[in-house]
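> Can you read through this structure? Questions will come right after.
2 protein chains.
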Amino acid sequence: MPKRLTHEGAECPVARAVDVIGDRWSLLIVRDAFDGISRFSEFQRNLGLAKNILSSRLRELVAHEILEVLPAADGSAYHEYALTQKGRDLFAILVSLRQWGEGHLFDEAEPHSVLLDVKTKRPLRKLEVADAAGRILEPSEAFVRKVD
Amino acid sequence: MPKRLTHEGAECPVARAVDVIGDRWSLLIVRDAFDGISRFSEFQRNLGLAKNILSSRLRELVAHEILEVLPAADGSAYHEYALTQKGRDLFAILVSLRQWGEGHLFDEAEPHSVLLDVKTKRPLRKLEVADAAGRILEPSEAFVRKVD
DNA sequence: CCGTATCCATTCCGATACTG
DNA sequence: CAGTATCGGAATGGATACGG
Numbered sequence: 001m002p003k004r005l006t007h008e009g010a011e012c013p014v015a016r017a018v019d020v021i022g023d024r025w026s027l028l029i030v031r032d033a034f035d036g037i038s039r040f041s042e043f044q045r046n047l048g049l050a051k052n053i054l055s056s057r058l059r060e061l062v063a064h065e066i067l068e069v070l071p072a073a074d075g076s077a078y079h080e081y082a083l084t085q086k087g088r089d090l091f092a093i094l095v096s097l098r099q100w101g102e103g104h105l106f107d108e109a110e111p112h113s114v115l116l117d118v119k120t121k122r123p124l125r126k127l128e129v130a131d132a133a134g135r136i137l138e139p140s141e142a143f144v145r146k147v148d
Numbered sequence: 001m002p003k004r005l006t007h008e009g010a011e012c013p014v015a016r017a018v019d020v021i022g023d024r025w026s027l028l029i030v031r032d033a034f035d036g037i038s039r040f041s042e043f044q045r046n047l048g049l050a051k052n053i054l055s056s057r058l059r060e061l062v063a064h065e066i067l068e069v070l071p072a073a074d075g076s077a078y079h080e081y082a083l084t085q086k087g088r089d090l091f092a093i094l095v096s097l098r099q100w101g102e103g104h105l106f107d108e109a110e111p112h113s114v115l116l117d118v119k120t121k122r123p124l125r126k127l128e129v130a131d132a133a134g135r136i137l138e139p140s141e142a143f144v145r146k147v148d
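Those protein sequences? They're chains V and F, same order as listed. Residue 1 is where the first sequence starts when you use full-length UniProt numbering, and the numbers rise one by one after that. Residue 1 is where the second sequence starts when you use full-length UniProt numbering, and the numbers rise one by one after that.
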């Protein structure tokens with residue numbers, strides 16, 4: 001019986017993270033949540049995904065405490081989905097995905113959306129990996145160590 | 001006819017990026033490549049995934065120019081997989097995934113691997129989203145603008 | 001050692017119909 | 001509007017067998 005194996009017991013944090021948000025919809029739902037989307041139909045219309053898939057993904061995100069269900073701000077009978085702190089902490093991941101996509105997945109002059117600073121209306125700084133002192137590191141300047 | 005829809009034509013760079021690397025294996029293959037893995041069997045043994053899936057994912061990564069095939073350094077008949085510049089630029093994404101996983105997906109004192117600076121042996125700085133001047137931004141301080 | 005090919009179960013996902 | 005239920009096709013993925 002072939003059972004899908006998960007990485008939830010992995011010692012590598014990347015593997016666990018991929019296990020939680022490494023599919024084709026979860027991060028896009030989170031992206032929309034950052035943009036203020038909170039209702040089922042808004043997600044559905046905005047993303048264009050099937051409702052059963054959206055329902056399933058929302059349940060998973062709530063189970064992982066990335067989203068939480070709130071009792072509806074406008075008095076309507078239905079609830080809303082909002083980011084938790086754990087969900088808001090995905091911000092750097094979304095920004096790094098965005099910057100990589102902007103740099104490598106669009107032709108010159110092809111239209112794409114950009115992320116701007118509210119105050120200055122200027123593009124954000126490029127995310128760079130740095131050491132404790134703030135010096136930018138190349139991939140070869142970092143290494144993985146297992147801890148116990 | 002239900003056909004899987006893609007985001008390759010999307011104007012949102014996050015959506016395009018998810019389309020390319022948003023599955024359960026691609027980023028883990030890239031992570032291993034950063035660790036110096038270059039041979040088919042090494043990936044396979046290290047990740048524990050089925051060979052047909054690995055084969056398929058490697059082909060896709062090469063097609064997207066994230067990996068490239070090199071003619072084998074040690075003189076053997078087979079080739080090696082190496083990161084391109086586009087692939088190395090995924091570094092910030094992997095580090096942000098790692099840091100989120102470290103912070104939210106492990107119990108206290110549960111063993112996990114860490115990423116250290118080669119020189120100082122100290123943990124890396126936490127990746128933070130910042131404006132052009134370097135000021136750290138909350139998610140609410142950034143907004144998306146469509147450009148044409 | 002490096003893959004490809006095939007089989008089969010599971011999962012994903014879109015489409016549609018339906019309920020409150 | 002906010003979902004749930006169900007269907008069928010497509011993709012995922014593990015296991016195994018096979019060929020270079």
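Every residue, glycine too, gets a C-beta built ideally from N, C-alpha and C.
Give me, in chain order, the residues of the same chain whose beta-carbon lies closer than 7 Å to that of residue 81(F); leave out the 5 immediate sequence neighbours on both sides.
Cβ neighbours of residue 81(F) beyond the five flanking positions: 33, 38, 58, 67, 69.
> Given that residue 101(F) touches chain V, what residues does it touch there, using C-beta distances under 7 Å?
What residue 101(F) touches in chain V: 13, 14, 16, 17.
> Strictly below 8 Å CB to CB, what residues from chain F border residue 180(V)?
With chain V represented from 1 up to 148, any question about residue 180(V) goes unanswered, as that position is not in the structure.
> Which same chain residues, not among the five before or five after residue 126(F), have their C-beta less than 7 Å away from its C-beta?
Contacts found: 99.
> Can you pull out the residues from the segment 60 to 94 of chain V whose beta carbon lies closer than 7 Å to at least one beta carbon of chain F?
Listed by position, the residues of the segment 60 to 94 of chain V near chain F (Cβ gap below 7 Å) are 86, 88, 89, 90, 91, 92, 93, 94.
> Do we get a CB-CB distance below 8 Å when we pair residue 108(V) with the residues of chain F?
Cβ-Cβ to chain F under 8 Å: no for residue 108(V).
> Spatial neighbours of residue 86(V) within its chain, please: C-beta separation below 6 Å, excluding the five flanking residues on both sides.
Same-chain partners within the cutoff: 65, 66.
> With distances taken Cα to Cα, identify the nearest neighbour of residue 46(V) among 148(F), 72(F), 7(F).
Checked all of 148(F), 72(F), 7(F); the closest Cα to residue 46(V) is 7(F).
> Runs of 3 residues minimum, wholly inside the UniProt domain "HTH hxlR-type" (12 to 109) of chain V: which ones carry the beta strand (DSSP E) assignment?
Those beta strand (DSSP E) runs which fall completely within the UniProt domain "HTH hxlR-type" (12 to 109) of chain V and span 3+ residues are 67 to 70, 80 to 83.
> Go through its chain and collect everything with a Cβ distance to residue 72(F)'s Cβ below 7 Å, but skip five positions before and after it.
78, 79, 80.
> Say whether chain F places a C-beta atom closer than 8 Å to the C-beta of residue 128(V).
Chain F, which has a Cβ nearer than 8 Å to the Cβ of residue 128(V), makes this yes.
> Shorter than 8 Å from the beta carbon of residue 96(F) to some beta carbon of chain V?
For residue 96(F), the answer is yes, since a Cβ of chain V falls inside 8 Å of its Cβ.
> Do the CB positions of residue 24(V) and residue 18(F) come within less than 8 Å of each other?
In this structure, residue 18(F) lies closer than 8 Å to residue 24(V) by Cβ.
> What are the residues that DSSP puts in a beta bridge with residue 113(V)?
Residue 113(V) pairs with 146(F).
> I believe residue 14(V) touches residue 101(F) by the beta-carbon criterion, under 8 Å. Please report the beta-carbon distance rounded to the nearest angstrom.
Yes, residue 14(V) and residue 101(F) are in contact; Cβ-Cβ is about 6 Å, under 8 Å.
> What does residue 141(F) reach in chain V if we use C-beta pairs closer than 9 Å?
Ordered by position in chain V, the residues that pass the 9 Å Cβ test against residue 141(F) are 117, 118, 119.
> Taking three-plus beta-carbon pairs below 8 Å as touching, is the segment 130 to 147 of chain F in contact with the segment 107 to 114 of chain V?
Touching, per the Cβ criterion.
> Counting only C-beta atoms, is residue 54(V) closer than 8 Å to chain F at any point?
Taking Cβ atoms only, chain F never reaches closer than 8 Å to residue 54(V), which makes this a no.
> State yes or no: is the beta carbon of residue 58(F) nearer than 8 Å to at least one beta carbon in chain V?
Chain V, which has no Cβ nearer than 8 Å to the Cβ of residue 58(F), makes this no.
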